[in-house]
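Structure first, commentary second.
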Amino acid sequence: MSSMKKSILFFILMIGWLIVGCYEDKGHYDYIQLSGPVVAGIGESYTVYDGGNFDIHPTVTWTHGELENYTYSWKVDGILVSDKAELTEQVKDLPLKSGMYSEFVIKDEDTGVEYITPFKVTVASVYERGWMLLADQGETSMLSLVRNDKVVYEDVYRLANDADLAGGAVGIYEHWLPYSADVGQVFVAFQKGPEYSVELDGNSLKKMVATKEEFVGGMPADFKPMSMNCVMNYDCLVSNGKLYVRYIEETDGAMYQDGLFPNFPYQGDFDYELSQWTTRGNVYFSNEVIGFDKLSSSYVVCCNGVLSKFGADNTPEPFFEPSNMNKTVLDGAAVAVAYPQDDYVVFLKSNTDNTIYVQQFYFWGWSSPKGFYSRGEEVFPEPNIINDDTKFAFCKDRPYVYIASGNILYEYNYKDNTVKTLRDDFGRPIRDIEICPTNPEHLGIVLENAENAEMSDFMVLDVSVVSGGKVLEGMEFYGKFGKVKHLKYKVGYQGDIMY
């Protein structure tokens with residue numbers, strides 16, 4: 079046979095062998111299914127307290143059999159905190175920070191493959207957030223804190239500072255540096271010496287400074303602190319009806335207590351006497367501090383360090399005149415906040431009779447000062463429930479104002495101008511109420527203690543539409559807090575209430 083024929087025959091045999099081989103191999107592949115973990119029981123986010131313990135217990139199931147060689151790890155903000163299957167370690171060596179990216183990792187040590195379950199962790203100081211109760215004890219005052227996890231710190235200022243607060247308790251005001259991601263400071267106002275009012279570190283509640291020491295040339299005459307509101311580049315302190323303004327040159331690099339107040343009040347171009355009431359809107363983007371002048375019966379606004387009466391109403395057909403109203407503000411607050419608009423609801427009483435009015439207005443604008451727009455004025459339908467001791471709590475993004483009068487808690491809907499009794503079974507006077515800014519369906523309420531009128535009870539009510547004001551489980555405390563003058567929910571991070 080010639081060499082060419084041999085080559086052709088060999089080629090044909092090879093093709094045949096390949097065809098037969100491929101045919102015989104058809105259907106004989108074995109696909110290896112890799113094992114992998116399925117993790118359950120890890121939530122989207124957790125808040126833990128510095129010095130406390132984590133409490134996360136995931137369940138892990140395996141598809142196609144458990145891996146032979148694997149490890150666990152837990153990381154918070156890139157920091158390894160545990161190498162166990164459950165996270166129960168003490169919270170330590172982590173920053174006090176909100177919403178840190180965290181992960182639970184199962185690693186196949188043979189292949190290097192990692193199976194990651196992400197979540198978020200907020201590490202809070204023990205005093206970072208919760209219900210603050212300021213009580214007047216006569217010559218001293220007492221500040222207490224009730225956390226959301228039901229931990230109670232009676233007389234928390236003494237715990238943190240080993241000292242008493244001054245007497246004449248007035249109010250609690252939380253404030254932040256512009257754009258800051260840190261926990262805010264707390265201004266606590268008193269009207270007796272020796273310190274009158276103090277600024278507290280938001281994490282430790284340690285005293286940073288007595289406000290009387292923050293004036294050029296010493297404390298002003300007749301010093302009676304009433305309120306403090308801090309906006310970008312300006313701190314606005316109201317004392318004895320007068321406004322003191324501190325200019326802070328820095329914005330992004332600002333620091334607390336940066337500079338001093340002049341020890342004489344803002345002069346302006348009109349005589350004024352400010353009431354206790356002040357309010358503001360969005361804590362990030364609003365520079366307006368709204369108040370009320372008792373001398374002219376007018377709304378006033380402090381913006382960019384200047385105190386003025388409300389400007390012209392930009393509404394085509396104004397609903398009310400904001401100046402020389404012959405009415406007195408009782409209370410009010412921002413009920414919807416967003417950039418560039420903040421909406422307000424305010425209760426006022428006629429200076430000549432018992433008529434109560436509810437006014438709505440907003441400030442709108444991309445820069446300061448924003449424009450004023452009136453939105454409506456209604457005659458409140460139940461004026462007999464309003465008296466000098468009445469307390470108000472304003473919801474954000476829900477059309478409700480809660481009104482405490484005597485022993486009764488009412489719910490007012492300002493959309494349809496109606497009032498209903500929410501609860502009338504307390505059997506003792508209500509001293510103050512406060513809506514939780516981070517959960518507008520939770521209402522804190524302070525009551526006179528049934529056995530000792532110098533003490534107070536505190537509880538948190540569920541005021542959702544279906545609950546009827548039922549007490550949240552475990553959130554009722556009796557006879558612990560002194561004679562409370564002001565209830566305030568401490569938010570901690572301004573980012574939690576920026577909108």
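So in my numbering the end of the sequence shown lands on 577, straight run, no missing numbers.
Cβ coordinates follow ideal geometry from the N, Cα and C atoms, glycine included.
These numbers come from a predicted model, not from an experiment.
Point to revise | C-alpha distance - Phe472 paired with Met178, whole-angstrom precision | key: Mapped onto the sequence shown, residue 472 falls at position 394. Mapped onto the sequence shown, residue 178 falls at position 100. Looking at the two C-alpha atoms, the distance is approximately 31 Å.
Review point. If we ignore side chains and look at the alpha-carbon of each, how far apart do Ala531 and Lys561 end up?
Key: The count along the sequence shown starts at 1 and reaches residue 531 at position 453. The count along the sequence shown starts at 1 and reaches residue 561 at position 483. It is roughly 8 Å from the alpha-carbon of Ala531 to the alpha-carbon of Lys561.
Check your understanding: Can you name, in chain order, every residue of its own chain whose Cβ lies under 6 Å from the Cβ of Gln419, other than the five neighbours on each side?
Key -> The sequence position of residue 419 within the sequence shown is 341, counting from 1. Excluding the 5 residues flanking it on each side, Gln419 has same chain C-beta neighbours closer than 6 Å at Tyr440, Trp442, in chain order.
Practice item. Please name the residue, chosen from Gly319, Met310, Ala244, Gln168, that lies closest to His253 on a Cα-to-Cα basis. Key: Position 175 of the sequence shown, counted from the start, is the residue given in the question as residue 253. Of the candidates Gly319, Met310, Ala244, Gln168, the one whose C-alpha sits nearest the C-alpha of His253 is Met310.
Practice item. State yes or no: is the C-beta of Pro298 within less than 8 Å of the C-beta of Phe268? Key: Translated into the one-based positions of the sequence shown, residue 298 becomes position 220. Translated into the one-based positions of the sequence shown, residue 268 becomes position 190. Between Pro298 and Phe268, the C-beta spacing is not below 8 Å.
Check your understanding: Between which two residues does the alpha helix (DSSP H) containing Leu174 stretch?
Key -> Walking along the sequence shown from the start, residue 174 turns up at place 96. Premise fails: Leu174 is in no alpha helix (DSSP H) and is neither H nor E.
Point to revise | Neighbourhood of Pro459 by C-beta, 8 Å cutoff - its chain only, sequence neighbours within 5 removed | key: Mapped onto the sequence shown, residue 459 falls at position 381. In chain order, Asn495, Thr496, Val497 place their CB closer than 8 Å to the CB of Pro459, counting only its own chain and leaving out the 5 sequence neighbours on each side.
Point to revise | Same chain, Cβ closer than 6 Å to Val538, five either side skipped, listed in chain order | key: Numbered from 1 along the sequence shown, position 460 holds the residue referred to as residue 538. Excluding five sequence positions before and after Val538, the CB atoms of its chain that fall closer than 6 Å to its own CB belong to His520, Gly522, Leu550, Met553, given in chain order.
**Study point:** Beta-carbon gap between Thr406 and Lys387 smaller than 8 Å
**Key:** The residue you call residue 406 lines up with position 328 of the sequence shown. The residue you call residue 387 lines up with position 309 of the sequence shown. The answer is no: Cβ separation not under 8 Å.
**Study point:** For Tyr251, the nearest candidate out of Asp574, Gly573, Ile575, Tyr567 (CA to CA)
**Key:** For the purposes of this step, residue 251 is taken as residue 173 along the sequence shown, with counting starting at 1. Measuring from the Cα of Tyr251, the nearest candidate turns out to be Tyr567.
Check your understanding: In or out: Tyr231 buried (at least 16 other Cβ within 10 Å) or exposed?
Key -> Translated into the one-based positions of the sequence shown, residue 231 becomes position 153. Burial of Tyr231 is indicated by the presence of at least 16 other C-beta atoms within 10 angstroms of its C-beta.
Review point. Any idea if Ser317 is buried or exposed, counting beta-carbon neighbours within 10 angstroms, 16 or more meaning buried?
Key: On the sequence shown, position 239 is the one that residue 317 refers to. Per the 10 Å Cβ criterion, buried.
Practice item. Would you tell me roughly how many angstroms separate the C-alpha atoms of Asn382 and Gly546, rounded to the nearest one? Key: Residue mapping note: residue 382 aligns to position 304 of the sequence shown, counting from 1. Residue mapping note: residue 546 aligns to position 468 of the sequence shown, counting from 1. Our two residues, Asn382 and Gly546, have alpha carbons roughly 43 Å apart in a direct line.
Check your understanding: Considering only the beta carbon of each residue, do Leu525 and Arg501 sit closer than 8 Å?
Key -> Working through the sequence shown from its first residue, we reach residue 525 at position 447. Working through the sequence shown from its first residue, we reach residue 501 at position 423. No, they are not a contact pair.
Practice item. Just list the beta strand (DSSP E) runs in the region 106–151, keeping only unbroken ones of 3 residues or longer that don't cross its boundaries, in chain order. Key: At a cut-off of 3 residues, the continuous stretches assigned as beta strand (DSSP E) that sit fully inside the region 106–151 are 114–118, 123–127, 137–141.
**Study point:** Pairwise C-alpha distance: Leu565 and Thr499
**Key:** Residue mapping note: residue 499 aligns to position 421 of the sequence shown, counting from 1. Residue mapping note: residue 565 aligns to position 487 of the sequence shown, counting from 1. Rounded to the nearest angstrom, the two C-alpha atoms are 22 Å apart.
Check your understanding: To the nearest angstrom, how far is it from the Cα of Asp128 to the Cα of Leu487?
Key -> Taking the first residue of the sequence shown as position 1, residue 128 is located at position 50. Taking the first residue of the sequence shown as position 1, residue 487 is located at position 409. For the pair Asp128 and Leu487, the Cα-to-Cα distance works out to about 37 Å.
**Study point:** Residue from Tyr205, Val201, Ala163, Asp409 with nearest C-alpha to Lys63
**Key:** Residue 63 is absent from the structure shown; the chain starts at 79 and stops at 577.
Review point. Does the region 282–294 touch the region 237–244, meaning 3 or more C-beta pairs lie closer than 8 Å?
Key: Of all C-beta pairs linking the region 237–244 to the region 282–294, three or more are shorter than 8 Å, placing the two stretches in contact.
Exercise for review: Could you please give me the residues that DSSP links to Gly410 through a beta bridge?
Suggested key: Numbered from its first residue, the sequence shown carries residue 410 at position 332. Per DSSP, Val424.
Review point. On the three-state DSSP scale, how would you describe Leu237?
Key: Residue mapping note: residue 237 aligns to position 159 of the sequence shown, counting from 1. Three-state DSSP puts Leu237 in a helix.
Point to revise | Where Ile511 falls, given that 16 or more other Cβ within 10 Å makes a residue buried | key: Position 433 of the sequence shown, counting from 1, holds the residue named residue 511. Buried, by the Cβ-count rule.
Review point. Helix, strand or coil: how does DSSP classify Pro507 here?
Key: Taking the first residue of the sequence shown as 1, we reach residue 507 at position 429. In the three-state reduction of the DSSP assignment, Pro507 falls in the coil class.
Check your understanding: Considering only residues of the same chain and omitting the five flanking positions on each side of Ala411, which have a CB-CB separation below 6 Å?
Key -> Stepping through the sequence shown from its first residue, residue 411 is reached at position 333. The beta carbon of Ala411 sits closer than 6 Å to the beta carbons of Thr357, Phe472 from its chain, once the five residues preceding and following it are set aside; these are given in chain order.
Review point. How is the beta strand (DSSP E) around Gln56 delimited, first residue to last?
Key: Outside the modelled stretch of the chain, which goes from 79 to 577, sits residue 56, for which no answer is possible.
Exercise for review: Quick one: using the 10 Å Cβ neighbour count with 16 as the cut-off for buried, is Trp152 buried or exposed?
Suggested key: Position 74 of the sequence shown, counted from the start, is the residue given in the question as residue 152. It counts as buried.
Review point. For the beta strand (DSSP E) that contains Cys380, what are its first and last residues?
Key: Numbered from its first residue, the sequence shown carries residue 380 at position 302. Cys380 -> beta strand (DSSP E) spans 376–381.
Practice item. Could you pull out every residue in the same chain whose Cβ sits closer than 8 Å to the Cβ of Gly99, ignoring the five residues on either side in sequence? Key: Here residue 99 refers to the residue found at position 21 when the sequence shown is read from its first residue. Model confidence at Gly99 stands at a pLDDT of 43, short of 50, so the residue's coordinates are unreliable; what they give is reported in the following sentence. The answer is none, since no qualifying residue turns up.
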